[in-house]
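Worksheet for the structure shown next.
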Amino acid sequence: MTVRSLAILAVFALVATLAPGAAQAQAEPDARAQAAAHVRQGQAFFEHRDFDRALAEYQTALDLSAEPSLIFNIALCHDRANRPEEALRMFQRYLELAPDGSVAEEARGDVARLTPIVEKIVADREAEQARQREAAAQRTDADQRAEVALRTAAAANRRARIARYLIVGGGMVAAAGGVAYYLANQHLDRVAVDYDPAQYLDDRHGVLVERNVAYGAYAVGGVAIAAGLVLALTARGADDGARLSAAITPGGAALSVAWSR
Amino acid sequence: MRLGLAASITAASALGSACLDIPEFRGSTKVGYSKDMAGAITVATPDVTLHFPGGSGFHLPDQLKLLSVDVMGHASSPCWGASGTGFAVTPMPRVSGDPVDGGVTASDSALEANMTGPAVVQLTATWSTRWSFAAGSTCSTSTRHSSGGSSTFTVFPDGHIVRHDVLTENNPDMEQVMTERCTCADMPSAPDAFILSSYWAFDRQALPTLFGLGDSGPSSPDPLMPGKMYGVTAPYDTVCFDGPDDDYQVASTWVRPPRPDHGPIPNAAAVGFDTVVSHDVQKAATPMLDFPWDVHGALFFERSNCTAALKRAIDYTAPQALMISTASGTMSSLPSALDGIYGGDPGGGGRPGIEVSDGTTTLSGGPSGPFVVWLKFSGSGSVIVPTATRPGAAIGWYVPQRVRDREWLIWVQDALQPGDTITVRPN
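Which chain is which? The protein sequence lines are A and B, in order. Under the working numbering, the first residue of the first sequence is numbered 21, with each subsequent residue one higher. Under the working numbering, the first residue of the second sequence is numbered -16, with each subsequent residue one higher.
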């Protein structure tokens, strides 16, 4: 039996059921007539290989008539439209509704033909889905690692920035202390030759203030530099480098700290 | 490596810098003090320089320069001619820092600086020697018979020098010492007697004219003959030497030790080959020469006349009181005869210094010339430097000198006239 003959068969089945039922109900014949019309239209589309529109006509006819052979036609449309899963499901549906139908044997043959195809499709799909799930999972891990890396890098940058501020600021404070120390040292010469006690007391007080400012600045600056160094050394990445150098200067010792990022 | 040099910092100059020590107040130097490698010390004022020899010998002054002229006398004989500065136990050889000392050697000798200026310098020379010191001397043969002494010289900015001598004897074997056993002959004026003397020997050419204070006072001193011994009692133990052309004058006075057991003995104003100013005690030869000796005196230098020099000597022997007022009351103080400082060495092992509060102290009274007062401020902690105020005074009219933490000397340049006050505050 050909496809075409099967579609016609469905029309005949509908027309055949129309003739004896004309007196049974007024509404039902109209529906079946309409269904037949849709079947013919579907047939026409089918012949022109417009399977989707044919399927729509068959589906409408099926809704109007509940004729199982239309399910067979729908299955054929799916089959011809290369939708084996829908086709298989429709063939099986047809066989459930009309296991002894006129095209039951042919439907079974289609089921037998499509079953391994669909099984393969399902297997392939599941495999693809599994692969996609795994890929998605892998993407999630990478994203998380990337996010962590970004956060870590941001924190390191922040610490490095604070370290720079501490070292630069500490250096400036210490340098200010050096200036105060220099001034105090200069004023010492004056104190040493102050012959007037009152003047000596005044100058001594000035030197004391300058000296204490210097020592305080040294202490604050030194602590800030030390803290900055610790931060800089712990915050730097693999490519970062810190350089520390010291030298004797006329005023004492000079400490130079530099790093790159 | 990405270049992102954040900072290059010159941090410290602090890390290796030495501590910044503030020098203590030193003040304008009025009396200079210097010590050479051999331990010799030179004390200098603008007009007067006193030199103490170093080495292992006696550290008693061997040079006294007045306007760069060494006025000290130097003998060539070890026998009873005084030389330089020192002690004489005539007819035994003398103890002197002068190089020509007759072979006397010191068992121990030290020179200690008690004060090093800027206003007052005080040195103490201590020594000991055996009575058998002089080679060939037979005065004493016991090696355990020894004597020791100390001389403290306090030098002030106006050039006056206060001297305090102490002489002790150690004779555990009770050796008998007789003048006739001595190599040196007895002094003709004192047969069979030892003459103990603390002396300054002056050069006759540098100080050719001599005056005694006399009964008429400093305005009319009595001329004396240099090189001749005068057995004189007060006031003739205060004399004045006049330099050539009245360029400078030296007045000397000794204060008799308050011990009657050896006196009254004439104070020799001038003995021997040179003009000598000494404080002598003559002691007859006895089986045992045990004696106390604790005398003091002062030299004063002038560049006008002997009347002015003698007046200053009188001021030393009869000083005016300094009134010291604090929150707790007013007290009067006389300068110590042992060092010439108000509140100075009280003798007898007492502690010097006038106790005052740590508030304001007011000085008034009648010091008739430059003076020094030793103040001990109550309280705790160090006094950085005391300050003084005197109405109308110019800068430099006083110089504080630290003795120890809360003890300071205050040298004042000018006399305190009646009604004048000086206010002193510790700081």
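Cβ atoms here follow ideal geometry from the backbone N, Cα and C, with glycine treated the same way.
Would you decide whether residue 161 of chain A is buried or exposed? Buried here means 16 or more other CB atoms lie within 10 Å of its CB.
-> The count along the first sequence starts at 1 and reaches residue 161 of chain A at position 141. Of the other Cβ atoms in all chains shown, fewer than 16 fall within 10 Å of the Cβ of residue 161 of chain A; this residue is therefore exposed.
Using a Cβ-Cβ cut-off of less than 8 Å, give me the residues of the region 7 to 29 of chain B that come near chain A, in sequence order.
-> If the cut-off is 8 Å between Cβ atoms, the region 7 to 29 of chain B has 8, 9, 10, 11 near chain A.
So what does DSSP say about residue 381 of chain B, is it helix, strand or coil?
-> Counting from one through the second sequence, the residue named residue 381 of chain B turns up at place 398. Here residue 381 of chain B carries a strand assignment [DSSP, helix/strand/coil].
Contact list for the region 200 to 213 of chain A against chain B, Cβ threshold 9 Å | Within the region 200 to 213 of chain A, the qualifying residues are 201, 202, 204, 205, 208, 211, 212, 213.
Return the CA-CA distance between residue 222 of chain B and residue 277 of chain B, expressed in angstroms with no decimal places.
-> On the second sequence, residue 222 of chain B is found 239 positions in, with the first residue counted as 1. On the second sequence, residue 277 of chain B is found 294 positions in, with the first residue counted as 1. Between the C-alpha atoms of residue 222 of chain B and residue 277 of chain B there is a straight-line separation of about 21 Å.
To the nearest angstrom, how far is it from the Cα of residue 408 of chain B to the Cα of residue 394 of chain B?
-> Residue 408 of chain B sits at position 425 when you count from the first residue of the second sequence. Residue 394 of chain B sits at position 411 when you count from the first residue of the second sequence. Linking residue 408 of chain B to residue 394 of chain B through their CA atoms gives a straight-line distance of about 14 Å.
So, is the C-beta of residue 258 of chain A closer than 7 Å to a C-beta in chain B?
-> Position 238 of the first sequence holds residue 258 of chain A. With a pLDDT of 42 at residue 258 of chain A, under the threshold of 50, the predicted position of this residue should be treated as unreliable, though the coordinate-derived value follows. Taking Cβ atoms only, chain B never reaches closer than 7 Å to residue 258 of chain A, which makes this a no.
In the DSSP assignment, what are the bridge partners of residue 153 of chain B?
-> Here residue 153 of chain B corresponds to residue number 170 of the second sequence, with the count starting at 1. In the DSSP assignment, residue 153 of chain B is bridged to B:129.
Do we get a CB-CB distance below 7 Å when we pair residue 405 of chain B with the residues of chain A?
-> Mapped onto the second sequence, residue 405 of chain B falls at position 422. No - not a single Cβ of chain A is within 7 Å of the one on residue 405 of chain B.
Under 9 Å by beta carbon: chain A residues contacting residue 383 of chain B | The residue labelled residue 383 of chain B in the question sits at position 400 within the second sequence. The answer, in chain order, is 217.
Looking at the unbroken beta strand (DSSP E) that takes in residue 42 of chain B, where does it start and where does it end?
-> Reading the second sequence from its first residue, position 59 is the one you call residue 42 of chain B. No beta strand (DSSP E) holds residue 42 of chain B; DSSP gives it neither H nor E.
Members of the region 332 to 363 of chain B that neighbour chain A once the beta carbon cut-off is set at 7 Å | When C-beta distances to chain A are compared with 7 Å, every residue of the region 332 to 363 of chain B stays at or above that value.
I think residue 80 of chain B touches residue 44 of chain B, with their Cβ atoms under 8 Å apart; what is that distance to the nearest whole Å?
-> Mapped onto the second sequence, residue 80 of chain B falls at position 97. Mapped onto the second sequence, residue 44 of chain B falls at position 61. The beta-carbon distance between residue 80 of chain B and residue 44 of chain B, rounded to whole angstroms, is 6 Å. This is short enough to meet the 8 Å contact definition.
Kindly list the residues whose CB is nearer than 6 Å to the CB of residue 133 of chain B, restricted to its own chain and excluding five residues on each side of it in sequence; keep chain order.
-> For this step, residue 133 of chain B is matched to residue 150 along the second sequence. Once the five neighbours on either side are set aside, the close Cβ partners of residue 133 of chain B are 107, 109, 149.
Collapsed DSSP secondary structure at residue 205 of chain A in the structure displayed | Reading the first sequence from its first residue, position 185 is the one you call residue 205 of chain A. In the structure shown, the three-state DSSP call for residue 205 of chain A is helix.
Just mark residue 405 of chain B as buried or exposed, buried being the case when its beta carbon has 16 or more other beta carbons within 10 Å.
-> Taking the first residue of the second sequence as position 1, residue 405 of chain B is located at position 422. With 16 or more other Cβ atoms from the protein chains shown falling within 10 Å of its own Cβ, residue 405 of chain B counts as buried.
CB-CB under 8 Å to residue 38 of chain B, same chain, minus the five flanking residues each way: which ones, in chain order?
-> As a first step, residue 38 of chain B must be located in the second sequence, where it is residue number 55. So the qualifying residues of the chain are 21, 22, 23.
Under 7 Å Cβ-Cβ, which residues of chain A neighbour residue 378 of chain B?
-> By 1-based counting over the second sequence, the position of residue 378 of chain B is 395. In chain order: 216.
Over what stretch of residues does the beta strand (DSSP E) that includes residue 338 of chain B continue unbroken?
-> Looking up residue 338 of chain B in the second sequence gives position 355. Counting along the chain, residue 338 of chain B sits inside the beta strand (DSSP E) bounded by residues 337 to 339.
When DSSP builds the beta bridges, which residues end up paired with residue 417 of chain B?
-> No answer is possible for residue 417 of chain B: the residues shown for chain B start at -16 and end at 410.
Taking only the alpha-carbon atoms, compute the straight-line gap between residue 252 of chain B and residue 219 of chain A and give it to the nearest angstrom.
-> Taking the first residue of the second sequence as 1, we reach residue 252 of chain B at position 269. Taking the first residue of the first sequence as 1, we reach residue 219 of chain A at position 199. Since pLDDT at residue 252 of chain B reaches only 41, below the 50 mark, its modelled position is unreliable, and the value read off the structure follows with that caveat. Roughly 48 Å between the two C-alpha positions.
So which residues of chain B does residue 227 of chain A contact, with C-beta pairs closer than 9 Å?
-> The residue labelled residue 227 of chain A in the question sits at position 207 within the first sequence. At a C-beta separation below 9 Å, residue 227 of chain A has these neighbours in chain B: 3, 5.
In the DSSP assignment, find the unbroken alpha helix (DSSP H) run with residue 289 of chain B in it and report its ends.
-> Locating residue 289 of chain B in the second sequence gives position 306, where the first residue counts as 1. 289 to 300 is the span of the alpha helix (DSSP H), which, as asked, contains residue 289 of chain B.
Can you list, in chain order, the residues of its chain whose CB lies under 7 Å from that of residue 368 of chain B, leaving out five sequence neighbours each side?
-> Here residue 368 of chain B refers to the residue found at position 385 of the second sequence. Excluding residues up to 5 positions away in sequence, 8, 383, 410 lie with their Cβ nearer than 7 Å to the Cβ of residue 368 of chain B in the same chain.
Ignore the nearest five residues each way along the sequence and tell me which others in residue 88 of chain A's own chain have a CB closer than 8 Å to its CB.
-> For this step, residue 88 of chain A is matched to residue 68 along the first sequence. Excluding positions up to five away in sequence, the list reads 114, 117, 118, 121.
3-residue-minimum beta strand (DSSP E) runs that sit fully inside the region 51 to 85 of chain B, ordered along the chain = As far as the region 51 to 85 of chain B is concerned, its whole beta strand (DSSP E) runs of at least 3 residues are 68 to 73, 75 to 79.
In chain A, which residues lie with their C-beta within 8 Å of the C-beta of residue 370 of chain B?
-> Along the second sequence, one-based indexing puts residue 370 of chain B at 387. Per Cβ cutoff of 8 Å: 217, 218, 221.
Does any residue of chain B bring its CB to less than 7 Å from the CB of residue 178 of chain A?
-> Here residue 178 of chain A refers to the residue found at position 158 when the first sequence is read from its first residue. Against chain B, the CB of residue 178 of chain A has no partner CB under 7 Å away; the residue lies outside that interface.
Beta carbon proximity, residue 224 of chain A to chain B, threshold 7 Å | As a working note, residue 224 of chain A is residue 204 in the first sequence. Interface residue, yes.
Sufficient close CB pairs (3 or more, under 8 Å) joining the region 237 to 249 of chain A to the region 187 to 195 of chain A = Touching, per the Cβ criterion.
Between B:352, B:373, B:317, which lies nearest to residue 344 of chain B when the distance is taken from Cα to Cα?
-> For the purposes of this step, residue 344 of chain B is identified with residue 361 of the second sequence, where counting begins at 1. Nearest option by C-alpha distance: B:373.
Grab me the residues of residue 233 of chain A's own chain with a C-beta within less than 6 Å of its C-beta, minus the 5 sequence neighbours each way, in chain order.
-> Here residue 233 of chain A is taken as the residue at index 213 of the first sequence, counted from 1. 200.
Unbroken alpha helix (DSSP H) runs of length 4 or more, entirely within the region 74 to 103 of chain A: which are they?
-> Contiguous alpha helix (DSSP H) elements confined to the region 74 to 103 of chain A occur at 88 to 100, taking only those with 4 or more residues.
Would you please verify whether the beta carbon of residue 103 of chain A is less than 7 Å from any beta carbon of chain B?
-> Locating residue 103 of chain A in the first sequence gives position 83, where the first residue counts as 1. So no, residue 103 of chain A is outside the interface.
So, residue 56 of chain B versus residue 184 of chain B, is the Cβ gap smaller than 7 Å?
-> Locating residue 56 of chain B in the second sequence gives position 73, where the first residue counts as 1. Locating residue 184 of chain B in the second sequence gives position 201, where the first residue counts as 1. Taking 7 Å as the Cβ cut-off, residue 56 of chain B and residue 184 of chain B qualify as a contacting pair.
is_contact[residue 410 of chain B, chain A] using C-beta, thresh 7 Å | By one-based count along the second sequence, residue 410 of chain B stands at place 427. Answer yes: the Cβ-Cβ gap between residue 410 of chain B and chain A drops below 7 Å somewhere.
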